[in-house]
Amino acid sequence: MLRIGLVAVAVLLLGVWIVASASRLQWQPLCEPGSGGWLTGIAISPHDSRCVLMGGDLLGVAWSADRGERWHRAFGFLSWEIGEFSWHPTDPKTVWVGTMSGPHVSHDSGRTWQPQRNGMPPISDGHYSVPIEKVLFDPNNPNRLIAIGGSQRRWASPGEPMWGAVWESTDGGQSWHLLSVIRDDKGKGRNIVAAAFAASSSTTLYAAVDGLGVFVSTDGGKSWQPRNDGLPHTNVNDLVTHPTDPNTLWVALGNFRPKDTAHWLPGGIFKSTDGGKTWRQVTRGMELVATNDPNLTSRFEAIAVAHSRPEILVTCDTAWNRGTAYKSTDGGESWTKIADGSSVDRAYPAGLSMTVIAIDPTNPNVIFMAGSEYALRSVDGGKTWTDVTAYRVGNGWRGRGFSGLCATNVRFNPFNRRHWVVLALDHGFWQSTDGGQSWTTGKGMPAWGGRHDVAFTGRNGEVMFVTRGQFGSFGGIVKSVDGGETWTVLAGKRRGLPELGEQAQPISVHAINPQTVWATIGGKLYRSDDGGEHWRIVHDGPSLSWIAPVKPTSRSFYVAGDLGVYFTPDGERFTLIEGSPKPATFIIVDPNNPQRIYVTSWRSKMGGLWRWERGKWERLRNDPFVYCIAVHPQNPQRLVIGTNDHPYHDRCFATGIWVSEDGGKTWQPANDGLGCLRVQCIAFNPHDPTQLICGTLGSGFFIARWR
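Under my numbering, think of the first position of the sequence shown as 648, with each following residue one higher.
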């Protein structure tokens, strides 16, 4: 790319990228309730307890300067799969974090980050090469760092990541060299899920290794020996050390199923006072449960110790039907319940399965806990808790600025300007009836399973159809007749639909009146003429996905699929448009001209952005990472595209959002304030075209207003 001052021009096969230093769009969090994504790290600054950092498995990092009342996005990551944080012991602005893309450092208290991989393998475009769970500071020398090769989230990756690698830096992280690799009996490096220095020691380190238990090094990380005497199994999830006693440490164990039995044994907390040579169970006061289901059997994934009062510890039983947090005030010898699902008011319905816990280093009464959907804070030692990812607004909720949703769609009710819906994976349905100020889900909407599309019809759009499903599984067509206040799940053979749980992923839905509706399910197109009570297949595909109506209430529409784009004049007869890109990923009809459509083809030989008009196809962008597009409702020259990429490699190839003001001839980036460059959906507000909303893969939704 040739750079000329602040402007760079890259001439591709078709069209021109114009890379400018500024954009007319400034993105801000939409503030749908957070988090909705799996939180993997929380750290409270030892220098200023108001300063808190939080990260997640697809979320990136957010920082708070007011102890979690509000969150702000951090920037600079190669990718957004985050591990644990480590504050510099004397420099309040320096903090490290492990990521699946290697160690990153911040020198402004977590606002911006830089990868620091010098001496490690080069960045891989095909897989994660050097996953790092955490960077440890030598207690006696802050210029000496140890980076631990692992992932507490247990991320999968193609290729051969360097699991179990132990890296050392003696120059404050400027360069690294490999000290050792913790391996299994077959010589394979194993995931280190947690590690810590012994108190005041530069030579003794402890590590929790996935499936292998506890390991100790007495030579600064050069060699390691297992220390599991007294542990019932080696499914160790977390490890913490006493801040002043180098021989005392605790581990959190998951549950375990012995061979030749269907019965799962509960996990627990175990303590060693002799440097890990022996262990004993310390669970007095806990209600441990064993079942035949690992998700319902007691298990422990996190434990934290109060550095200012090390007799105080906090942990959590993360069994789905229990979700109970415990606190000890005697070094783990006994425990008292301090929270469960019934005692905490929160936006998301998931139980209290807290997999990350942090205690303020200077105030043991301040505790943060987080799990798969939200984070909590207590300022009174666990007596009361506050959701620090969302707060109540009337009968709904509003996010505090750090969403972790894997967005799939955003829709505006065409009959009600204040009715918005955002959809996502997992617990992925929130609707607002006040223009985005507060959000609800409604009664009867299933709590989990992913949502992809919504259609509005009837008076004021009060009849709604939502497609639900995740990981290829059918979750039903969910219907409301009262504007989303209550919901009914439609599924099963008696309706002509797949059964719940069958491998038949639903994607898109289109309704022209309360009775007539189409939906793509399992790559096929279904139609109902009685409001969803009964369905029949009208097109077998293959792999049909998004529906794009010529007009919102039109029987004529386009459908994207693996073989290209189909057109139907009546929802019954279909024609494959010759020359259309294969596969067609996303499709939209220009709201200014129903004879013009835009199609994206993601990560394919025909990848990029295509326009079809007057019977001809034109390739506007030869970029295989273009994923979605929006067209301004009043200005056909204004196009906005979102690029996307999967998360399973060191570096993200998505470049965020690009804008064209000349119908696709030239493009300008528009990523200011955007917390993640993996964009899954984008849409103009048809009632107020100055508003633009985009959804990202793992960082929720953002809103911008055209300046």
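We treat Cβ as the ideally placed atom computed from N, Cα and C, and that holds for glycine.
Buried versus exposed call for residue i [16 or more other C-beta atoms within 10 Å across all chains shown]
| i | result |
| --- | --- |
| L1070 | buried |
| S989 | exposed |
| S1000 | buried |
| F1118 | exposed |
| G1116 | buried |
| A909 | exposed |
| A1022 | buried |
| T1337 | exposed |
| G834 | exposed |
| K901 | The identity of residue 901 in the sequence shown is Gly, whereas the question assumes Lys. Buried, since its Cβ has 16 or more Cβ neighbours within 10 Å. |
| R1268 | buried |
| I1184 | exposed |
| D1270 | buried |
Selected residue, minimal CA-CA separation from residue i, among the options
| i | options | result |
| --- | --- | --- |
| W1314 | G1322, L1321 and I1304 | I1304 |
| E731 | A1017, K924 and V863 | A1017 |
| P1280 | R830, R1142, K1198 and G1218 | K1198 |
| K1170 | N1160, D1187 and V1164 | It should be noted that the sequence gives Gly, not Lys, for residue 1170. The candidate whose alpha carbon is nearest that of G1170 is D1187. |
| N1012 | A1054, P957, T971 and A994 | P957 |
| G1347 | H1334, L705 and T687 | L705 |
| I1276 | A1231, P1294 and R1261 | A1231 |
| T1089 | G1043, V929 and S981 | The sequence as given places Gly at residue 1089; Thr does not occur at that position. Cα-wise, what sits closest to G1089 is G1043. |
| G868 | F784, L912, Q928 and N942 | F784 |
| G922 | G1097, W897, S945 and W911 | W897 |
| G1075 | Y995, S1120, A842 and V1040 | Y995 |
| H889 | S848, P905, W871 and G915 | S848 |
| P1241 | S1251, Q761, G1262 and G1226 | G1262 |
| M933 | S1192, T925 and T971 | T971 |
| V1040 | T1087, L943 and P1333 | T1087 |
| T1055 | V1101, G688, D831 and A1094 | V1101 |
Residue i - DSSP class collapsed to helix/strand/coil
| i | result |
| --- | --- |
| W664 | With a pLDDT of only 45 at W664, under the threshold of 50, the placement of this residue in the model should not be trusted, and no figure is reported. |
| S990 | helix |
| N902 | coil |
| R1141 | helix |
| G836 | strand |
| L1267 | strand |
| N790 | strand |
| G702 | strand |
| E1109 | coil |
| G652 | Only weak support exists for where G652 lies, its pLDDT of 34 falling under 50; the value from the coordinates is given anyway. Coil at G652, not helix or strand. |
| A669 | Low per-residue confidence applies at A669: pLDDT is 37, beneath 50, and the placement is therefore not dependable enough to give any value. |
| L943 | helix |
| S1307 | strand |
| T1200 | coil |
| Q1117 | strand |
| L1052 | coil |
| A845 | coil |
| T1002 | coil |
| A657 | Interpretation of A657 is limited by its pLDDT of 36, a score under 50 that renders its predicted location unreliable; no figure is taken from the coordinates. |
| P1153 | strand |
| G715 | coil |
| S1127 | strand |
Bridge-paired residues (DSSP) for residue i
| i | result |
| --- | --- |
| A1330 | I1340 |
| R1354 | The partner list for R1354 (beta bridge, DSSP) is empty, contrary to what the question assumes. |
| F1348 | G1342 |
| D1319 | Looking at the DSSP assignment, D1319 forms no beta bridge with any residue, so it has no partner. |
| L880 | The residue you asked about is not Leu; residue 880 is His in the sequence shown. H880 is not bridged to any residue. |
| S975 | L960 |
| T1087 | Q1078 |
| Q928 | F917 |
| F1059 | W1067 |
Residues near residue i by beta carbon distance below 7 Å, same chain, minus five either side
| i | result |
| --- | --- |
| W1228 | The sequence as given places Pro at residue 1228; Trp does not occur at that position. Excluding sequence neighbours, P1228 sits near G1211, V1246, S1248, M1253 and W1257. |
| G860 | P873, N875, L878, T881 and V883 |
| L1321 | W674, G1303, I1304 and F1349 |
| T737 | P789 |
| D857 | R801, R837, N838 and V840 |
| D1209 | P1189, S1190, K1229 and P1230 |
| R1065 | T1080, D1081 and G1082 |
Sequence-distant residues of the same chain with beta carbon closer than 8 Å to residue i, five excluded per side
| i | result |
| --- | --- |
| T1135 | G1091, V1125, K1126 and S1127 |
| A1195 | F1204, Y1205, V1206, A1207, I1234, I1235, V1236 and I1244 |
| S726 | T746, M747, S748, P1294, H1296, D1297, R1298 and C1299 |
Same chain, Cβ closer than 6 Å to residue i, five either side skipped, listed in chain order
| i | result |
| --- | --- |
| I1004 | A949, A951, V961 and M1016 |
| C1053 | A1071, L1072, L1344 and G1345 |
| W926 | G877, L878, F917 and S919 |
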